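A.B. asks: Protein chains in written order, with the working numbering: chain Y, 4 to 240; chain P, 3 to 436; chain W, 109 to 442. Don't be surprised by glycine CBs; every beta carbon is placed ideally from N, CA and C. Everything numeric in this text was worked out from a predicted model, so none of it was measured.
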Amino acid sequence: MAEPFLIGENMTGGYGAVDILHDCTLAVEPGEIAVIVGPNGAGKSTAMKAVFGMLRLRQGSVRLAGEDITGLTPQARVRKGMGFVPQTHNIFTGMTVEENLEMGAFIREDEGIRGTMEQIYDLFPILRQKRFQKAGELSGGQRQQVAVGRALMTQPKVLMLDEPTAGVSPIVMDELFDRIIEIARTGISILMVEQNARQALEIADKGYVLVQGRNRYTDTGAALLADPEVRKSFLGG
Amino acid sequence: MARYRNVLLFAGVAMLFILTGVFQSWNLSLNILNLALLSAIMAIGVNIQWGYAGLFSTGIVGSVALGGLAVALVSSKPVPEGWAAGGPQIVEALLFAALAIGLATWLYRRLKPGANRALALALYLVVAFFIYRAILDPAVTAVEANNPAQAGNIGGLGFNSLLAWPVGALMAAAAAWIIGKIALGLREDYLAIATLGIAEIIVQVLRNEDWLARGVKNLIDLPRPWPVPKEVDLQVDPFFLDTVRAIGADPVTASTIFVKLLYATMFGLVLLLLVWGCERALNSPWGRTVRAIRDNEISAAAMGKDVKFRHLQIFIIGSAVVGLAGAMLTSMEGQLTPPSYLPLRFTFLIWVMVIVGGSGNNWGAILGGLLIGWLYLAVEFLGPQMMAILTSGLPAGPLKDHLQDTAAHMRLLTLGVVLLLVLRFAPKGLIPEK
Amino acid sequence: MDLLNALTAFLNFIVVPGLAYGSQLALGALGITLIFSVLRFSNFAHGDTMAFGTAFVILFTWWFQSLGITAGPLPTALLALPLGILVTIAMVLATDRVVYRYYRKVRAKAIIVVIVSTGVMFVMNGLVRMIIGTSERNFSDGARMMLNPQDFKAWTGLAEPLAVKTTQAISVVAAVLCCAFLFWFLQKTRTGKSMRAYSDNEDLALLSGINPERVVTITWILAGALACIAGTLYGLDKSYRGIVYFSLLMPMFAAAVVGGLGSPLGAVIGSFIVAFSELIVTNAWRKIFGYLVPPDWLGDGLYQALSTDYKVAVSFSILILVLLFRPQGIFGGK
Numbered sequence: 004m005a006e007p008f009l010i011g012e013n014m015t016g017g018y019g020a021v022d023i024l025h026d027c028t029l030a031v032e033p034g035e036i037a038v039i040v041g042p043n044g045a046g047k048s049t050a051m052k053a054v055f056g057m058l059r060l061r062q063g064s065v066r067l068a069g070e071d072i073t074g075l076t077p078q079a080r081v082r083k084g085m086g087f088v089p090q091t092h093n094i095f096t097g098m099t100v101e102e103n104l105e106m107g108a109f110i111r112e113d114e115g116i117r118g119t120m121e122q123i124y125d126l127f128p129i130l131r132q133k134r135f136q137k138a139g140e141l142s143g144g145q146r147q148q149v150a151v152g153r154a155l156m157t158q159p160k161v162l163m164l165d166e167p168t169a170g171v172s173p174i175v176m177d178e179l180f181d182r183i184i185e186i187a188r189t190g191i192s193i194l195m196v197e198q199n200a201r202q203a204l205e206i207a208d209k210g211y212v213l214v215q216g217r218n219r220y221t222d223t224g225a226a227l228l229a230d231p232e233v234r235k236s237f238l239g240g
Numbered sequence: 003m004a005r006y007r008n009v010l011l012f013a014g015v016a017m018l019f020i021l022t023g024v025f026q027s028w029n030l031s032l033n034i035l036n037l038a039l040l041s042a043i044m045a046i047g048v049n050i051q052w053g054y055a056g057l058f059s060t061g062i063v064g065s066v067a068l069g070g071l072a073v074a075l076v077s078s079k080p081v082p083e084g085w086a087a088g089g090p091q092i093v094e095a096l097l098f099a100a101l102a103i104g105l106a107t108w109l110y111r112r113l114k115p116g117a118n119r120a121l122a123l124a125l126y127l128v129v130a131f132f133i134y135r136a137i138l139d140p141a142v143t144a145v146e147a148n149n150p151a152q153a154g155n156i157g158g159l160g161f162n163s164l165l166a167w168p169v170g171a172l173m174a175a176a177a178a179w180i181i182g183k184i185a186l187g188l189r190e191d192y193l194a195i196a197t198l199g200i201a202e203i204i205v206q207v208l209r210n211e212d213w214l215a216r217g218v219k220n221l222i223d224l225p226r227p228w229p230v231p232k233e234v235d236l237q238v239d240p241f242f243l244d245t246v247r248a249i250g251a252d253p254v255t256a257s258t259i260f261v262k263l264l265y266a267t268m269f270g271l272v273l274l275l276l277v278w279g280c281e282r283a284l285n286s287p288w289g290r291t292v293r294a295i296r297d298n299e300i301s302a303a304a305m306g307k308d309v310k311f312r313h314l315q316i317f318i319i320g321s322a323v324v325g326l327a328g329a330m331l332t333s334m335e336g337q338l339t340p341p342s343y344l345p346l347r348f349t350f351l352i353w354v355m356v357i358v359g360g361s362g363n364n365w366g367a368i369l370g371g372l373l374i375g376w377l378y379l380a381v382e383f384l385g386p387q388m389m390a391i392l393t394s395g396l397p398a399g400p401l402k403d404h405l406q407d408t409a410a411h412m413r414l415l416t417l418g419v420v421l422l423l424v425l426r427f428a429p430k431g432l433i434p435e436k
Numbered sequence: 109m110d111l112l113n114a115l116t117a118f119l120n121f122i123v124v125p126g127l128a129y130g131s132q133l134a135l136g137a138l139g140i141t142l143i144f145s146v147l148r149f150s151n152f153a154h155g156d157t158m159a160f161g162t163a164f165v166i167l168f169t170w171w172f173q174s175l176g177i178t179a180g181p182l183p184t185a186l187l188a189l190p191l192g193i194l195v196t197i198a199m200v201l202a203t204d205r206v207v208y209r210y211y212r213k214v215r216a217k218a219i220i221v222v223i224v225s226t227g228v229m230f231v232m233n234g235l236v237r238m239i240i241g242t243s244e245r246n247f248s249d250g251a252r253m254m255l256n257p258q259d260f261k262a263w264t265g266l267a268e269p270l271a272v273k274t275t276q277a278i279s280v281v282a283a284v285l286c287c288a289f290l291f292w293f294l295q296k297t298r299t300g301k302s303m304r305a306y307s308d309n310e311d312l313a314l315l316s317g318i319n320p321e322r323v324v325t326i327t328w329i330l331a332g333a334l335a336c337i338a339g340t341l342y343g344l345d346k347s348y349r350g351i352v353y354f355s356l357l358m359p360m361f362a363a364a365v366v367g368g369l370g371s372p373l374g375a376v377i378g379s380f381i382v383a384f385s386e387l388i389v390t391n392a393w394r395k396i397f398g399y400l401v402p403p404d405w406l407g408d409g410l411y412q413a414l415s416t417d418y419k420v421a422v423s424f425s426i427l428i429l430v431l432l433f434r435p436q437g438i439f440g441g442k
């Protein structure tokens, strides 16, 4: 089998002396949605941060389109085509929606920024309406849209989302998931961590269940949803 | 090993004072020692705030000045005519001001929030301020009109100057309470900014309120604290003269040195007492709470410790220690000279002492106080001497004058560079905290 | 009751000096607030940076004057200002490189950097004293008055004069130009926006590929230039002494905190609040009241709430009120 487009392989590491991740592997193909679920403290966010280079790995490697990027800084990975939406503090609250998007495209030198911005306004029409409003004044769901939009401004090949639906209402959550599917359909790989495991696995092509920093189950989203073990332990029956 | 090193450090500083005594004069050396000991006490006060709670105050000079004011009020000669002219009325005015502010806070709590409350309170405060001025002003004019060349103030209580030391501590503590109440618990820079302002105001009050302590006209001839005698009295004291003759010393020099030694002993005792108290306190349950808060404010707060209250306590205690040293300073100098209360000398110099000595460590603060105290004062005679040697080859002229003038300013520059170097390369100071 | 004369006196003693002083404060407070929002510390060395820049402007002014170069009716210092700005910028950038950069790298606590800035303050203060001494230096030349009080009286026939010093007019014009440039820069340029983004959310700015060192450099350049301009205008207006700039720290901090530390617009508005409060509180109102009420109502008071020696108490009180009731300032901030 060919190497996946993005893979974090056998990752082991943590913030201090204690490892949080143990031999953990995550991978995603173009246009695919991969979801990381698991109980609290399972190292979901840590695993994603490791893929993005915000955590020093003791073992294992991260490869993007066959290239080893293990040693690159997060900033360098952005230039390689990875976009990251942190869980909190993911927008510039004091700047307008449009400025947020502009800042997202800061590293781009080409002329197409305006076009990308229009695409994002098409994807999230509410942002077009509120483009001159301060992002900090928007509702939770709208802020998440700004955050995702900002990350998309670099036209990434991989979009990584850390709990994009934390703290938003179920209706807004469904809406956000719809948008994420739409983004994936354009060929962008999505890797996301989700607290709402059931809903997330429903839209996932691939699911990773992590427990204590290790891969416990890995399968398609549908298969994991159908697995009685997984249902009992992680999806509340 | 560390203990050995520390003893060496203190021995080195002692050497500096001995060398000064041998090569300059013992009077000068002891003079510097006394001032350095007082600086060390101030450094302990600052170290309590910084080392125990991470509080950065830029208003140390304010506490020092309040200590000085305490000496003036407690120990200076009474001026009965001045007091009779308006003293009670000034007290009334100040009481009125305190009551008015008290009432304002009470009203603020009782009234409903909103623009009306703000407007009403502002109006009330303006009216209260003018009533206060109407009571105060005539009294001040009357007091200041009384024999302005020699008095013009309300006078003091005429008590022993030793009694003023705790009073100085209390006055500094009171000021710290007010400022701490307002500026603690916010961003830590705010305390630095607010203390800068209050210190400036305190010094301005001392300079301008002639009725209080004669302002820039200075209050001189303050009595000595018990048990220090005056040199002139010693020189006619038969017992002292006999003793001096027995050693074969000059009575005048001996009397000045004796007085300075007496001060050094008193200051040393206070210093040791403070260190002993601090060490005891740090190892008590109170000290453990304080250290827990310092090491991790958030988790200490989560464990139900009242961080802001502890910080306020520490801020007050530290300021009180500085106020005590300020009172001791004025009572040794025997005069209150408001223009000498410069932030560079009494705020930032003390900070350099604490940082160089080792923040968080009392012995470090003492070492820093003695070392930097010596340096700061020794530069006064060393700097011009060195500049004179360096410029001796130059012909007399504006360049030579300019260079010799700059020697005096070198002090500031050197202090700044020392502070920056220590912060950068030895942030724990000479005697790091265990 | 003589409204016109009262109004003229009010303009003369409050409005004109208040606008000039407020403008000078605003330029200084803008620097403080910029440094706060990007470097995240209260810069105690800012007053002495102003003194340092002004010292060089004075040296260049003297040099120009000795060469016979003047600016006609305007002070020669305006010609020297660009050179002074360059020296100031070089100085603050060198300071950043030698001193502050290390503390950014180790992510030191803000309060440590504040203490470091007091060390820088010492060094700059020492340098200023060595370069230009502590005595008063007069470097103002050109026409002293833009609006001459005698002329004003002759034109209007009023008893009360109105004077506008050239330096006061220059202060206001300079502040307007600098603010306009700064707000245009922050709102409209990519670099300015990246500065705001960095100040808003450092981590996200890094993720967006904004280079922090570049942002910091530009911040120092702006703050240094503003400090030099502010210091020079203040020195021209009030005559220069290297050691008085330390006492400008309090009103500038108060102005920045009133507006909300980190908010440029707030710093400007805060500066005018502080400047006018100082003047209103320390002004002797006797003259103005004299035109409004019959003379025998007045008594012999000066109608001065506080003597000018206590002007620091005004900015301090404003600071205290803000800390008590609205610590985040009028315009949010941090």
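Terminal residues of the continuous alpha helix (DSSP H) containing residue 6(Y)?
C.D. replies: Taking the first residue of the first sequence as 1, we reach residue 6(Y) at position 3. No alpha helix (DSSP H) contains residue 6(Y), which DSSP labels as neither H nor E.
A.B. asks: Three or more C-beta pairs closer than 8 Å, one from the stretch 270-285 of chain W and one from the stretch 202-211 of chain W: is that the case here?
C.D. replies: At 8 Å Cβ cutoff, the stretches do not touch.
A.B. asks: Are the beta-carbon atoms belonging to residue 191(Y) and residue 167(Y) less than 9 Å from one another?
C.D. replies: As a position in the first sequence, residue 191(Y) is number 188, starting the count at 1. As a position in the first sequence, residue 167(Y) is number 164, starting the count at 1. No. Outside cutoff.
A.B. asks: Consider the Cβ of residue 142(W): report whether some Cβ of chain P lies at a distance smaller than 9 Å.
C.D. replies: Within the third sequence, numbered from 1, the residue matching residue 142(W) stands at position 34. Cβ-Cβ to chain P under 9 Å: no for residue 142(W).
A.B. asks: Residues of chain P with CB closer than 7 Å to the CB of residue 435(W), please, in chain order.
C.D. replies: The residue you call residue 435(W) lines up with position 327 of the third sequence. By Cβ distance, chain P contributes 188.
A.B. asks: Go ahead and label residue 247(P) buried or exposed: buried means 16 or more other beta carbons lie within 10 angstroms of its beta carbon, across all protein chains shown.
C.D. replies: In the second sequence, the residue the question calls residue 247(P) occupies position 245. Exposed, by the Cβ-count rule.
A.B. asks: List the residues of chain W that residue 78(Y) touches, going by C-beta distances under 8 Å, in chain order.
C.D. replies: The residue labelled residue 78(Y) in the question sits at position 75 within the first sequence. Those within 8 Å of residue 78(Y) in chain W are 314, 315 and 317.
A.B. asks: What number of angstroms, rounded off, separates the C-alpha of residue 387(W) from the C-alpha of residue 126(W)?
C.D. replies: Translated into positions along the third sequence, residue 387(W) becomes position 279. Translated into positions along the third sequence, residue 126(W) becomes position 18. Distance between the alpha carbons of residue 387(W) and residue 126(W) is about 7 Å.
A.B. asks: Here's a check: name, in chain order, each residue in its chain whose Cβ is nearer than 8 Å to the Cβ of residue 13(Y), leaving out the five neighbours to either side.
C.D. replies: By 1-based counting over the first sequence, the position of residue 13(Y) is 10. Counting only Cβ-Cβ distances below 8 Å, and skipping sequence neighbours, we find 26, 27, 28, 62, 63 and 64.
A.B. asks: Drop a sphere of 10 angstroms on the beta-carbon of residue 381(W), count the other beta-carbons inside from all chains shown, and report buried for 16 or more, exposed for fewer.
C.D. replies: As a working mapping, residue 381(W) is identified with position 273 in the third sequence. So residue 381(W) ends up on the buried side.
A.B. asks: Could you name the residues of the stretch 307-331 of chain P whose beta carbon sits closer than 7 Å to any beta carbon of chain W, in the order they occur along the chain?
C.D. replies: The residues in question: there are none.
A.B. asks: Does residue 406(W) come out as helix, strand or coil in the three-state DSSP assignment?
C.D. replies: Here residue 406(W) corresponds to residue number 298 of the third sequence, with the count starting at 1. Reduced to three states, the DSSP call for residue 406(W) is coil.
A.B. asks: On a CA-only basis, which of 355(W), 377(W), 251(W) and 240(W) is nearest residue 178(W)? Give me that one, please.
C.D. replies: Along the third sequence, read from residue 1 onward, the residue named residue 178(W) stands at position 70. Of 355(W), 377(W), 251(W) and 240(W), the residue nearest in Cα terms is 251(W).
A.B. asks: Count the other CB atoms within 10 Å of the CB of residue 197(Y); is the residue buried (16 or more) or exposed (fewer)?
C.D. replies: As a first step, residue 197(Y) must be located in the first sequence, where it is residue number 194. Under this definition residue 197(Y) is a buried residue.
A.B. asks: For residue 199(Y), which residues from the same chain have a beta carbon less than 7 Å from its beta carbon, with the 5 sequence-adjacent residues on both sides left out?
C.D. replies: Position 196 of the first sequence, counted from the first residue, corresponds to residue 199(Y). Excluding sequence neighbours, residue 199(Y) sits near 168 and 176.
A.B. asks: For residue 162(P), which of helix, strand or coil comes out of DSSP?
C.D. replies: Locating residue 162(P) in the second sequence gives position 160, counting from the first residue. Residue state, collapsed to three classes: coil.
A.B. asks: Shorter than 9 Å from the beta carbon of residue 393(P) to some beta carbon of chain W?
C.D. replies: The residue you call residue 393(P) lines up with position 391 of the second sequence. No, because no Cβ of chain W sits closer than 9 Å to the Cβ of residue 393(P).
A.B. asks: Run through chain W and tell me which residues come within less than 7 Å of residue 107(Y), C-beta to C-beta.
C.D. replies: In the first sequence, counting from the first residue as 1, residue 107(Y) sits at position 104. What residue 107(Y) touches in chain W: 316.
A.B. asks: Can you tell me whether residue 189(P) is helix, strand or coil according to DSSP?
C.D. replies: Reading the second sequence from its first residue, position 187 is the one you call residue 189(P). Reduced to three states, the DSSP call for residue 189(P) is coil.
A.B. asks: Rounding to the nearest angstrom, what Cα-Cα distance links residue 431(P) and residue 417(P) in this structure?
C.D. replies: The count along the second sequence starts at 1 and reaches residue 431(P) at position 429. The count along the second sequence starts at 1 and reaches residue 417(P) at position 415. Whole-angstrom Cα-Cα distance: 15 Å.
A.B. asks: Considering only residues of the same chain and omitting the five flanking positions on each side of residue 155(W), which have a CB-CB separation below 8 Å?
C.D. replies: As a position in the third sequence, residue 155(W) is number 47, starting the count at 1. Counting only Cβ-Cβ distances below 8 Å, and skipping sequence neighbours, we find 136, 229, 353, 354, 355, 356, 357 and 360.
A.B. asks: Which residues in chain Y have a C-beta closer than 7 Å to the C-beta of residue 305(W)? List them in chain order.
C.D. replies: Looking up residue 305(W) in the third sequence gives position 197. Here the neighbours are 95, 98 and 106.
A.B. asks: Just verifying my parser: in three-state terms, what is the DSSP assignment at residue 59(Y)?
C.D. replies: Here residue 59(Y) refers to the residue found at position 56 of the first sequence. Here residue 59(Y) sits in coil by DSSP.
A.B. asks: Using a Cβ cut-off of 9 Å (strictly closer), state whether residue 460(W) contacts chain Y.
C.D. replies: The structure shown does not extend to residue 460(W), since chain W spans only 109 to 442, so no value can be given for it.
A.B. asks: Where does residue 58(P) sit, in a helix, a strand or coil, going by DSSP?
C.D. replies: On the second sequence, position 56 is the one that residue 58(P) refers to. Coil at residue 58(P), not helix or strand.
A.B. asks: For residue 348(W), write down the residues that DSSP places opposite it in a beta bridge.
C.D. replies: Here residue 348(W) is taken as the residue at index 240 of the third sequence, counted from 1. DSSP, once it has assigned bridges, lists 245(W) as partnering residue 348(W).
A.B. asks: Going by the beta-carbon positions, is the gap between residue 242(P) and residue 253(P) smaller than 9 Å?
C.D. replies: In the second sequence, the residue the question calls residue 242(P) occupies position 240. In the second sequence, the residue the question calls residue 253(P) occupies position 251. Yes, the Cβ-Cβ distance between residue 242(P) and residue 253(P) is below 9 Å.
A.B. asks: Any beta carbon of chain W sitting closer than 9 Å to that of residue 167(Y)?
C.D. replies: As a first step, residue 167(Y) must be located in the first sequence, where it is residue number 164. No, residue 167(Y) does not count as interfacial toward chain W.
A.B. asks: Does the Cβ of residue 287(P) have 16 or more other Cβ atoms within 10 Å, making it buried, or fewer, making it exposed?
C.D. replies: In the second sequence, counting from the first residue as 1, residue 287(P) sits at position 285. Residue 287(P) should be labelled exposed.
A.B. asks: Please list, in chain order, all residues of the same chain as residue 114(W) whose beta carbon is under 6 Å from its beta carbon, the five residues on each side excluded.
C.D. replies: One-based indexing of the third sequence puts residue 114(W) at position 6. Correct list, in chain order: 396, 399 and 400.
A.B. asks: Does DSSP put residue 18(Y) in a helix, a strand or coil?
C.D. replies: As a working mapping, residue 18(Y) is identified with position 15 in the first sequence. Reduced to three states, the DSSP call for residue 18(Y) is coil.
A.B. asks: Between residue 129(Y) and residue 145(Y), how many whole angstroms is the CB-CB distance? I'm expecting something under 8 Å.
C.D. replies: Residue numbering aside, residue 129(Y) sits at position 126 when the first sequence is read from its first letter. Residue numbering aside, residue 145(Y) sits at position 142 when the first sequence is read from its first letter. That belief holds up - the Cβ atoms of residue 129(Y) and residue 145(Y) are roughly 6 Å apart, short of 8 Å.
A.B. asks: Please report the straight-line C-alpha distance between residue 220(W) and residue 350(P), rounded to a whole angstrom.
C.D. replies: For the purposes of this step, residue 220(W) is identified with residue 112 of the third sequence, where counting begins at 1. For the purposes of this step, residue 350(P) is identified with residue 348 of the second sequence, where counting begins at 1. Each residue's alpha carbon lies about 14 Å from the other.
A.B. asks: Compare the beta carbon distance of residue 76(P) and residue 156(P) with 9 Å and say whether it is the shorter of the two.
C.D. replies: Along the second sequence, read from residue 1 onward, the residue named residue 76(P) stands at position 74. Along the second sequence, read from residue 1 onward, the residue named residue 156(P) stands at position 154. It is not a contact, given that the beta carbons lie outside the stated cut-off.
A.B. asks: Return no unless some Cβ of chain W is closer than 9 Å to the Cβ of residue 375(P).
C.D. replies: In the second sequence, residue 375(P) corresponds to position 373, counting from 1. Taking Cβ atoms only, chain W never reaches closer than 9 Å to residue 375(P), which makes this a no.
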